[in-house]
Amino acid sequence: MTDPEVTRSEVVAVACAEAWRGDGEIVASPFGTIPAIGARLARLTFAPDLVLTDGEAALMANTPSVSADRSDIVLEAWLPYRRVFDVVWSGRRHVMMMATQVDRYGNQNISCIGDWARPKTQLIGVRGAPGNTINHTTSYWVPAHSPRSFVERVDMVGGVGYDRAEEAGPAAVRFHEIRVVISNLGVFDFATPDHAMRVRSVHPGVGVDEVTAATGFALVVPDDVPTTRLPEADELELIREVLDPMRLRDKELPG
Amino acid sequence: MTSDKRTALDDMVAELRPGMTVGFGGWGSRRKPMAAVRAIVRAGIGDLTVVSYGGPDVGILCAAGLVRKVVYGFVTLDSIALDPHFRAARQSGSIGAMEVDEGMFYLGLLAASQRVPFLPTRAGLGSDVLRVNPELRTVTSPYADGEELVAMPALDLDAAFVHLNRADTHGNGQVLGPDPFFDELFLGAATRRFVTAEKVVAPGALLEEGPIQTVTVSRLFTDAVAEAPRGAHFTSCPPDYDRDEGFQKRYAGSGADPAAWTAFSERFLAVDEAGYQDAVRELAAEVAS
Numbered sequence: 002m003t004d005p006e007v008t009r010s011e012v013v014a015v016a017c018a019e020a021w022r023g024d025g026e027i028v029a030s031p032f033g034t035i036p037a038i039g040a041r042l043a044r045l046t047f048a049p050d051l052v053l054t055d056g057e058a059a060l061m062a063n064t065p066s067v068s069a070d071r072s073d074i075v076l077e078a079w080l081p082y083r084r085v086f087d088v089v090w091s092g093r094r095h096v097m098m099m100a101t102q103v104d105r106y107g108n109q110n111i112s113c114i115g116d117w118a119r120p121k122t123q124l125i126g127v128r129g130a131p132g133n134t135i136n137h138t139t140s141y142w143v144p145a146h147s148p149r150s151f152v153e154r155v156d157m158v159g160g161v162g163y164d165r166a167e168e169a170g171p172a173a174v175r176f177h178e179i180r181v182v183i184s185n186l187g188v189f190d191f192a193t194p195d196h197a198m199r200v201r202s203v204h205p206g207v208g209v210d211e212v213t214a215a216t217g218f219a220l221v222v223p224d225d226v227p228t229t230r231l232p233e234a235d236e237l238e239l240i241r242e243v244l245d246p247m248r249l250r251d252k253e254l255p256g
Numbered sequence: 002m003t004s005d006k007r008t009a010l011d012d013m014v015a016e017l018r019p020g021m022t023v024g025f026g027g028w029g030s031r032r033k034p035m036a037a038v039r040a041i042v043r044a045g046i047g048d049l050t051v052v053s054y055g056g057p058d059v060g061i062l063c064a065a066g067l068v069r070k071v072v073y074g075f076v077t078l079d080s081i082a083l084d085p086h087f088r089a090a091r092q093s094g095s096i097g098a099m100e101v102d103e104g105m106f107y108l109g110l111l112a113a114s115q116r117v118p119f120l121p122t123r124a125g126l127g128s129d130v131l132r133v134n135p136e137l138r139t140v141t142s143p144y145a146d147g148e149e150l151v152a153m154p155a156l157d158l159d160a161a162f163v164h165l166n167r168a169d170t171h172g173n174g175q176v177l178g179p180d181p182f183f184d185e186l187f188l189g190a191a192t193r194r195f196v197t198a199e200k201v202v203a204p205g206a207l208l209e210e211g212p213i214q215t216v217t218v219s220r221l222f223t224d225a226v227a228e229a230p231r232g233a234h235f236t237s238c239p240p241d242y243d244r245d246e247g248f249q250k251r252y253a254g255s256g257a258d259p260a261a262w263t264a265f266s267e268r269f270l271a272v273d274e275a276g277y278q279d280a281v282r283e284l285a286a287e288v289a290s
């Protein structure tokens with residue numbers, strides 16, 4: 002790292018923020034602590050029109066820290082779960098979900114490991130991933146990049162990737178976009194002819210070989226792989242002083 | 002003359018029969034009709050198809066061996082990501098499952114409420130939800146677009162239970178917390194519709210506690226109502242009470258081994274609802290001392 006004081010978690014928070022750049026007035030729905038910091042950072046800097054939820058049943062007018070008490074949150078509109086679907090199905094949302102498994106074409110699994118009929122490990126279930134991915138932009142956050150999380154084929158397709166959307170036809174492709182996958186090692190996208198996952202950048206201090214070795218399928222690796230950008234001074238100050246003074250980011254991504 | 006729908010909780014549950022499809026309101030570990038779940042466990046009515054935005058309602062009924070099948074988009078305890086008993090039941094293969102997208106689930110309840118066989122949606126297209134539920138079908142738009150969409154079938158329920166903050170004796174129900182969830186649709190989708198509430202008040206008195214738009218459940222959709230103070234415990238029921246995180250941890254710990262479940266169920270489920278609430282208070286006193 003050029004700035005020894007900048008942590009990996011801070012680099013990732015900025016990479017998450019970048020996912021929402023240019024999205025305009027839509028709901029940014031982050032899952033996980035660092036994506037939550039990222040969404041708030043984006044709103045406080047280059048994406049001021051983003052709409053954020055309070056994690057319950059409302060939208061937030063202010064942009065408090067991720068550890069804020071409910072009393073610190075100023076609400077701007079009601080959004081109970083039933084109405085979340087009005088937003089999802091209207092397309093005015095970009096969610097960053099987590100993925101226990103993600104594959105070459107961006108299919109995602111948080112349902113189970115093993116055969117769905119009798120799983121080796123039951124996880125939470127598909128949740129809203131099928132509907133999210135087919136209706137609006139979706140990104141993923143994978144805190145532990147390994148051949149177990151970046152797999153050739155996911156065991157259960159909840160979030161729909163490019164190959165499966167294509168197979169399902171025009172109604173599935175129409176609003177489908179998997180924008181980026183962000184891991185502890187790098188940022189990945191699908192900007193390839195067949196939408197196979199590509200290395201967009203590696204985080205400072207991470208080698209491309211390290212990324213490919215930690216991935217269970219052949220990534221598309223450009224000749225020149227950029228380094229994920231470092232936080233600007235104002236971004237670092239916002240992360241540290243305003244958005245995450247309790248350093249929850251380091252619990253999600255130690256070291 | 003409007004009837005007084007007050008009914009004892011155990012009498013509601015006595016209407017259930019083995020093999021029924023039963024819906025439970027709330028979401029995750031939030032405002033779940035837990036008093037009703039406990040009453041079902043006491044009554045030992047099994048072979049149930051449980052339809053739920055799943056939380057500990059699903060886990061407890063699985064652990065008690067009363068479940069044939071779960072219809073869900075997820076099962077979670079919120080502050081604890083996974084329910085150990087649901088996991089164990091799925092991993093042992095002891096229950097069947099219909100896993101769908103959360104929005105598909107909503108449309109299934111809505112279709113049942115509207116007495117239509119299905120509602121179309123994009124949600125599910127391309128996903129393995131269609132692979133693991135081979136009974137699901139797609140439908141082609143009859144209009145010029147010709148789009149092929151998922152036809153989410155109606156989730157018809159034999160019975161539904163919801164737990165609300167307040168209800169009146171005629172069966173109107175009030176949510177004082179921020180989210181009514183999908184409770185109205187569970188009631189709309191069900192043949193027999195059961196409401197429990199923290200407090201049951203006289204008709205007209207609901208407006209003393211909140212504006213008219215908090216009265217989200219009409220008596221049109223209620224067959225019976227029971228007062229069940231702390232009836233959502235250990236899930237959250239704002240503004241009446243928050244989730245009992247300590248107790249939820251204990252519940253989650255009951256999935257560690259069969260002995261842990263036996264100890265939990267003997268202390269907290271082999272007793273009536275008043276006995277349960279006493280046992281919870283005694284536990285809190287033990288922990289505090």
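Protein chains in written order, with my numbering: chain A, 2 to 256; chain B, 2 to 290.
Idealized CB from N, CA, C, for every residue including glycine.
Give me, in chain order, the residues of the same chain whose beta-carbon lies closer than 7 Å to that of residue i; leave out the 5 immediate sequence neighbours on both sides.
i	result
H234/B	M35, D245 and V281
A48/A	W21, R22 and D24
L249/A	T34, V67 and S68
S202/A	G187, V188, V226, P227, T228 and T229
V207/B	The question names Val, but residue 207/B in the sequence shown is Leu. Hits under 7 Å: R167, D169, N173, Q175 and V216.
R94/A	I27, V28, S30, V88 and H137
R268/B	A280
G211/B	Q175 and L177
L111/B	L120 and L186
V133/B	E100
V75/A	M61, A62 and N63
Return the first residue and the last residue of the alpha helix (DSSP H) that residue i is part of.
i	result
H86/B	P85 to S93
Y163/A	Y163 to A169
I35/A	T34 to L45
M13/B	L10 to V14
K250/B	E246 to G254
D58/B	P57 to A64
E153/A	Segment: none, E153/A is in no alpha helix (DSSP H) and carries neither H nor E.
P259/B	P259 to F269
Please report the distance separating the alpha-carbon of residue i from that of residue j.
i	j	result
T138/A	P148/A	25 Å
T122/A	V14/B	33 Å
Y242/B	R84/A	24 Å
T3/A	V188/A	Confidence at T3/A is low in this model, with a pLDDT of 47, below 50, so its placement is unreliable and no value can be given for it.
L17/B	M247/A	50 Å
A161/B	Q249/B	24 Å
A58/A	A286/B	33 Å
For a contact defined as C-beta to C-beta under 9 Å, what are the partners of residue i on chain B?
i	result
P227/A	Those within 9 Å of P227/A in chain B number zero; the least Cβ separation is about 31 Å.
V103/A	None at all; the shortest Cβ gap to chain B is about 14 Å.
How far does the beta strand (DSSP E) with residue i in it reach, from first residue to last?
i	result
M98/A	R94 to M99
T285/A	No statement about residue 285/A is possible, as the shown extent of chain A runs from 2 to 256 and does not include it.
V67/A	Where V67/A is concerned, there is no enclosing beta strand (DSSP E), given that its DSSP letter is neither H nor E.
I179/A	E178 to S184
K200/B	A191 to V202
Y106/A	Careful: Y106/A lies outside any beta strand (DSSP E) and carries neither H nor E.
S202/A	R199 to V203
D159/B	L158 to D169
S30/A	V28 to P31
E228/B	A225 to E228
Whose Cβ in chain B lies nearer than 7 Å to the Cβ of residue i?
i	result
M157/A	D129
A169/A	L126 and G127
S112/A	E100
A172/A	R123, L126, E148, E149 and L150
Quick one: what's got a C-beta closer than 6 Å to residue i's C-beta in the same chain, skipping five residues either side?
i	result
A289/B	none
P36/A	C17, M97 and W142
For residue i, which residues in chain B fall below 8 Å Cβ to Cβ?
i	result
F32/A	In chain order: nothing, as chain B lies at least about 11 Å away.
P81/A	P179, D180, P181 and F182
E57/A	P179 and D180
Please list, in chain order, the chain A residues whose beta carbon lies closer than 9 Å to that of residue i.
i	result
T77/B	I125, G126 and R128
W262/B	What W262/B touches in chain A: nothing, since even the nearest Cβ is about 17 Å away.
Q249/B	Correct list: empty, because the minimum Cβ distance to chain A is about 16 Å.
What residues from chain A crowd round residue i, counting only those whose CB sits closer than 8 Å?
i	result
V216/B	Those do not exist, as V216/B stays about 15 Å from chain A at its closest Cβ, beyond 8 Å.
What does a CB cutoff of less than 8 Å around residue i pick up in its chain, not counting 5 residues either side in sequence?
i	result
S4/B	H171
By the criterion of Cβ-Cβ separation under 7 Å, what are the contact partners of residue i in chain A?
i	result
V133/B	W117
The region 116-134 of chain A / the region 120-135 of chain B touching (three or more Cβ pairs under 8 Å): yes
At least 3 beta-carbon pairs within less than 8 Å: the region 219-229 of chain B vs the region 59-68 of chain B: no
At least three beta-carbon pairs within less than 8 Å, the region 104-113 of chain B to the region 178-190 of chain B: yes
The region 167-187 of chain A contacting the region 32-48 of chain B, beta-carbon criterion three pairs below 8 Å: no
Chain E contacts from the region 177-194 of chain A (Cβ-Cβ distance under 9 Å): Among the chains of the structure shown, chain E does not appear; the protein chains present are A and B.
The region 67-76 of chain B in contact with the region 90-100 of chain B per 3-pair CB rule at 8 Å: yes
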